[in-house]
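First comes the structure, then the notes that go with it.
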Amino acid sequence: DPNEPFNMAYLAVRGSFAVNGVSRLHGEVSRHLFEPLFRRWPTEEVPIHHVTNGIHTSTWDSQAADSLWTEAIGKDRWKITTESFSDTIRTLSDEKIWSMRAAARRALIEYIRKHQTAHFISYGAPQEAIDRAGRLFDPDVLTIGFARRFVAYKRPDLLLSDPDRLARLLGNGERPVQLVIAGKAPPYDDNARDLIRRWIQFIRHYRLGDRVVFLEDYDMLMAGYLVGGVDVWLNTPQRPWEASGTSGMKVLVNGGLNLSELDGWWAEAYRPEVGWALGDGLEHGNDPAIDQQEARALFALLEQEVIPLFYQRNDKGVPVEWLKKVRESMATLTPFFSSNRTVREYTERFYLPAATAYQDRAARNGDHGKKIVEWKHNLEAHWPHLGFGQSQVETKGNRYLFNIRVYPRGLDPAMMTVQLVAAAPAGNSHLFVAEMLRNGESDPAEGWIAYSAWIPATRPVSDYTARIIPHNDAVSIPLEYDRITWQH
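Numbering (this note's numbering), first residue to last: 104 to 591.
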C-alpha cells in the first residue's frame, strides 16, 4: 500500500543481517516484492535468499511408516545425518512398502468412520446415517486427500469445475476413487465458506457420500491420519501464491505421492519419478481461462495416469510401477524436505555467520561496530560525488579489455568496488558480474583512477555496463548499505 506510513516487513528487512524466503520460488517472488527497497539494484541482486521449509518427520510418520523406517534405518534415524537414507530405502521390497501403505490407509479409514459416526450422532442424524458412517470407504481403494485453508488462491474447487466428470471418476466401478477433504475457512470469509458449501452440495447432489467425505474440525490429529493414509496428496494453488506449503511434505515419509501445482516447494521437488505436476511453471495472474485449462489437465492426469497406475497390478496384486514412484519419493524427498536439512541449512548459512558478525561488532565495547558506522558516514559524505569518466574497449582475440576512469572525489578507493555487469542471458537467473581492478594509471591532478577487466568476447560490448558499489568485508551489501552508482 503506497499510502501506508509504516510497513512491518520493510522494518524487518532493514533491521536484518540476512533475509530469506521459504522456498526457491518464494525467494524469487520476494525479490520482486522488495525491489522498491533497493532502488537501482537489479532484481536478481535484491538480497533475499531462500531456505526451503522442511517438516519434523517423526511428528508426521504413521505407525506403519515408523515401523518400516525403524526396521530399515533405526529408531534414532532423525537424530543423525540423512544423506545415507536414499540407498537404504531403495532396497526395500515392493511387498514391504505395499504392506505399509495398506496398513496406513486402513488406519485412516478407521479414523474417518469413527469421526463421521461421532459427527452424525452429535447432529442427531437418523440411525441409518450413523450406521452408514461406520462403513464408509474401502481400505483397498485409491484414496486422494485435499486438506488446507479454504481460500480462493488455493483453488479447492478446481475439480468442481466439471462435477459430472468428477462424479464419473469417483463412481467408476472398476477403478474407484475415494476423496477425503478437510480444512477450515478463515473467520469472516464468506467466499471461503462458499467453497466448502459447494463441496457439501456436490456430495449430496450426486449421492457420493460413500466416495467423498468432508471432515469437519480439522486439527493436527486429523492431519496426522490424513498425511499418513492417503495415496495421493492433491494441491492446486494458483502459482506463485503458495510460499512453500508443507502439507505435501508430510506424506513423503508415509509413502504418499504428490499431485501438485508447480508452486512452492513442489516447484523444486518435482520430477516425473516421484509424483505428478500440474501447470506449466509460469505465472498467469487471476485468469479464469487458466483455471479451466488446469482443471482439464488435472482430470486428464487422474484419468490417464494416476488411477490406471494405482490399479495396474502384478500376479501378487502389487502395483509395481506405482511403488517405483513411492520408493523414489521416500528415498530422495523425505530426507531433503525434513527439518534436519532445514535447521542445518539455517545454521550454516545464516545463524553461525550472523552470530560471528555480532560477536565481532560487539567486541571491545563495540569498536568494530563503531568503525562500520564511521564507514557509512564517510560513504554518505562522498558517494553523491562519485563519477565515471572516459571508457575504452579493445578486442584482443576472443576477449574484451575494458578500461574505464573513475573519479573517487575524495573517497578512499578501498571503500568501493568497480564492476562490469551484464544482464542474465536467456534461461539464466544470474547476472554476469566481473570485478574491475586498478591498472596503475591515474591522474591526481584531474582526480581519476583507471580500472580494467578482461572478459570473454561472447556477447556484444553494448551488453556491459560499469558500476560502483560499496566495499566492506564486514558489511552485507546491499542489505546493510544499498548505495550504487551506474555508468551512464
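Heads up, the beta-carbon is just placed ideally off N, CA and C, and yes, glycines get one too.
Because the structure is a prediction, the values reported are computed rather than measured.
Measuring C-alpha to C-alpha distances from Glu345 to each of His485, Tyr291, His471 and Thr155 identifies Thr155 as the nearest. Cβ-Cβ distances below 6 Å link Thr185 to Pro438 and Asn443 in the same chain, with the five nearest sequence neighbours on each side left out; the list follows chain order. In this structure, DSSP gives Ser579 a state outside helix and strand, which the three-state scheme calls coil. In the structure shown, Leu114 adopts helical secondary structure according to DSSP, grouped into three states. Contact check for Asp197 against Val377 fails: the beta carbons are separated by 8 Å or more.
With contacts defined by Cβ atoms closer than 8 Å, Thr160 and Leu211 do not form a contacting pair. Excluding the 5 residues flanking it on each side, Ala398 has same chain C-beta neighbours closer than 8 Å at Leu261, Leu262, Ser264 and Asp265, in chain order. With respect to His533, Glu147 sits close: the two C-beta atoms are nearer than 8 Å. When DSSP states are grouped into helix, strand and coil, Asn357 belongs to the helix group. From the listed residues Pro150, Gln495, Leu360 and Pro516, the smallest Cα separation to Ser565 is found for Gln495. Glu483 has its alpha-carbon roughly 20 Å from the corresponding atom of Ile552.
The residue among Tyr226, Thr220, Leu298 and Val244 with its C-alpha nearest the C-alpha of Tyr256 is Leu298.
Separation of the CB atoms of Gly274 and Leu337 is rounded to 18 Å, and the pair is thereby denied contact status at 8 Å. Ile507 has Ser494 and Tyr554 as its beta-bridge partners, per DSSP. For Gly248, the enclosing beta strand (DSSP E) starts and ends at Leu245 to Ala250. DSSP places Gln407 outside any beta strand (DSSP E), giving it a letter other than H or E. With three or more CB-CB distances shorter than 8 Å, the segment 187-197 counts as touching the segment 424-431. Under the rule that a run must span 3 or more residues, the beta strand (DSSP E) segments found entirely inside the segment 253-287 read 280-285. In the DSSP assignment, the residues bridged to Asp546 are Trp551. Nearest to Ala326 by C-alpha distance, out of Met352, Asp169 and Val315, is Met352.
Distance from the CA of Glu319 to the CA of Ala250, rounded to the nearest whole angstrom, comes to 11 Å. Judged by DSSP secondary structure, Gln230 falls within the alpha helix (DSSP H) whose first and last residues are Gln230 to Ala236. The alpha-carbon separation between Ala577 and Val476 amounts to approximately 12 Å.
CA-to-CA, the gap between Arg238 and Gln341 works out to about 36 Å. In the DSSP assignment, Thr220 falls within the unbroken alpha helix (DSSP H) covering Asp197 to Ser225.
Per DSSP, reduced to three states, the secondary structure at Phe317 is strand. Contact between Ala207 and Asn106 does not hold, since their C-beta atoms are separated by about 52 Å, which reaches or exceeds 8 Å. With respect to the C-alpha of Val524, the residue from Val536, Tyr454 and Asn531 having the closest C-alpha is Val536. When secondary structure is reduced to three states using DSSP, Ile587 falls in the coil class, being assigned neither helix nor strand. About 6 Å separates the CB atoms of Trp478 and Asn575; that is less than 8 Å, so the two are in contact. Only exposed fits Ile303, as fewer than 16 other CB atoms lie within 10 angstroms of its CB. Around the C-beta of Gly359, 16 or more other C-beta atoms lie within 10 Å, and the residue is accordingly described as buried.
Fewer than three beta-carbon pairs drawn from the segment 540-548 and the segment 578-587 are found closer than 8 Å, and the two stretches are therefore not classed as touching. Secondary structure note for Tyr461: its alpha helix (DSSP H) is the uninterrupted segment Leu455 to His485. With 16 or more neighbouring CB atoms inside 10 Å of its own CB, Tyr554 falls in the buried class.
Secondary structure remark: continuous alpha helix (DSSP H) runs of at least 4 residues inside the segment 365-399, in chain order: 369-372.
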